[in-house]
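Taking it in order: structure first as structure tokens, then the write-up.
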DNA sequence: GAATTGTCGGTACTCCGTACCTTAGACCTG
DNA sequence: CAGGTCTAAGGTACGGAGTACCGACAATTC
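Chains as they are written, first to last, in the numbering used here: chain A, 1 to 229; chain B, 1001 to 1229.
Below, the structure written as structure tokens:
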């Protein structure tokens, strides 16, 4: 159905135009629908909400990540994670000016910023679910930290590109992924092989303290007293 | 002004009650204001929005994190990060049933979920800014991943407690922080040295102590001093 | 005691989002 | 071709969040 898709595109384009011209809060859905040549009802039917008009490709991207991770074999999991993240990066790079317009909007409109963050969390969730399935329940925290790190690294590079701080986002992305491998690679590999993490045995109410090892006994005693008071 | 604060408390309590009784979408701001014995205008003046009524302590917590991190010296930065995170954890644990009611709401109402995530991102931002300042601009990615990891670990433990999966959230939190230290500690320390970060000289970096919880702070301090001497 | 300042409640308004209804066109079906 | 159904679109009406504004009523100050 090409007609439907072009109507959607017209609405998205009209929304971005009007937001840039008059600001987000000052633009009404009626104005967007009117410029796109559609009814207000159609806008909500196809975009869902005024905020969602800023992130029209979100579902496509999540589906792509999901598909790439689901297609991974035990031997290609690390590659799958990196490629899934790079797929998202490539998408935004291909958007070009549109991605930068979105960045300007999300930086100035708190509601859009919150919406974007929630969308990012959706990416994280997909990475986390797959990683957790690969690493087992006993490594749930590592899976969560790892998934978080991948999305963080992606965002880090993307943000630098959006701000015009780099001309080589792909190279920086590869460097970031290598840095993640250096940080977390061995731990993830070990977890993947089935190593289990033994929790602290807590026999009827014990307190566990972690202190920097350079503290003197007196300093440590002070810290303990302060922590327990 | 105690009267103002109690009015705020009444509104928050009324909001939680009504959300539990009738659901979030089915509850109107008028109903909340009426039950709290206050005008609708006052609700928006003091809470800001219907969603914000669910997270009334958010500003206090961010201020606490900020203060704890700002008070860190180069020698106590790692401790400051852990304590700042534990401050947040303690706050939610102290809330008890209220925190669990909030969890039920955020799990069922997408708008509240998004709001909560945005709030968590605010925590991450504070950690990231401080870590980035400590580690220098060239380690921005590591700072971001590290800040992310701390918040993730905190959320991981908190979520397990909210789901009733653990009776020892403090012990699990300490274990999680220890795991983070094992994962990222050396990298952070190395980065910190490039930015005049005097870190733990010994390998490992932390000492883990397990004490019976019935000890008084003084007794615990004595035991620690004796153990380290 | 009068003026001022700040807080609270009430009213009116805009606009988002949803429910419902109607219409126009495409596609059978006899 | 006549008539019926199904789908996609626009139009209308409504509820409710959030804002702007105004008046009432302290509390403070001179």
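Cβ atoms here follow ideal geometry from the backbone N, Cα and C, with glycine treated the same way. None of these values were measured; they are calculated from a predicted model.
The beta carbon of residue 1149 of chain B falls within 7 Å of a beta carbon belonging to chain A, placing the residue at that interface. Counting the other CB atoms within 10 Å of its CB gives residue 1023 of chain B a total below 16, which places it among the exposed residues. Residue 183 of chain A is a Cβ neighbour of residue 1187 of chain B, given a cutoff of 7 Å. Following the DSSP letters along the chain, one finds residue 110 of chain A inside the alpha helix (DSSP H) bounded by residues 110 to 135. A check of alpha carbon separations from residue 1153 of chain B across B:1070, B:1175 and B:1125 identifies B:1175 as the nearest. Exclusion of the five residues before and after residue 1039 of chain B leaves 1033 as the residues of its chain whose Cβ lies within less than 7 Å of its Cβ. Between residue 146 of chain A and residue 131 of chain A a beta carbon distance of about 5 Å is seen, short of the 8 Å cut, so the two are scored as contacting. For residue 1176 of chain B, the nearest CB of chain A lies under 7 Å from its own CB, placing it at the interface with that chain. Contacts between residue 184 of chain A and chain B, judged by CB atoms closer than 7 Å, involve 1183 in chain order. Shown in chain order are the members of the stretch 1089 to 1122 of chain B whose Cβ falls below 8 Å from a Cβ of chain A: 1113, 1114, 1115, 1117, 1118 and 1121.
Spanning the alpha carbons of residue 92 of chain A and residue 172 of chain A requires a straight line of approximately 15 Å. Identification of chain B residues near residue 187 of chain A by a Cβ-Cβ cut-off of 7 Å yields 1183, ordered along the chain.
When CB distances to chain B are screened at a threshold of 7 Å, the residues of the stretch 141 to 166 of chain A falling below it are 141, 144, 145, 148, 149, 152, 153 and 156, in chain order. In the structure shown, the three-state DSSP call for residue 74 of chain A is helix. Residue 1146 of chain B carries a helical assignment under DSSP once its states are collapsed to helix, strand and coil. Per DSSP, residue 1038 of chain B is not a residue of any alpha helix (DSSP H), being assigned neither H nor E.
When the alpha-carbon of residue 1163 of chain B is set against those of B:1044, B:1096, B:1082 and B:1181, the nearest one is in B:1096.
Shown here for residue 161 of chain A: same chain residues with a beta carbon closer than 6 Å to its own, the five before and five after excluded, namely 169 in chain order. For residue 179 of chain A, the residues of chain B that pass the 7 Å Cβ criterion are 1141, in the order they occur in the chain.
In the structure shown, the three-state DSSP call for residue 68 of chain A is helix. Residue 57 of chain A carries a coil assignment under DSSP once its states are collapsed to helix, strand and coil. In the three-state DSSP reduction, residue 1165 of chain B falls in the coil class, being neither helix nor strand. Inter-residue distance for residue 1046 of chain B and residue 1105 of chain B is about 21 Å (C-alpha atoms, whole angstroms).
Apart from the 5 residues on each side of it in sequence, residue 177 of chain A sits with its Cβ closer than 6 Å to the Cβ of 82 in its chain, given in chain order. Minimum Cα-Cα distance from residue 1138 of chain B among the listed residues B:1073, B:1025, B:1012 and B:1190 corresponds to B:1190.
Of the residues assessed, residue 110 of chain A falls on the exposed side of the cut-off, its CB having fewer than 16 other CB atoms within 10 angstroms.
Taking the Cα of residue 120 of chain A as reference, the smallest distance to any Cα among A:25, A:36, A:58 and A:14 is reached at A:58. No Cβ-Cβ contact shorter than 7 Å links residue 1151 of chain B with residue 1179 of chain B.
With fewer than 16 other CB atoms across the displayed protein chains lying within 10 angstroms of its CB, residue 79 of chain A is exposed. DSSP, read as helix, strand or coil, puts residue 87 of chain A in helix.
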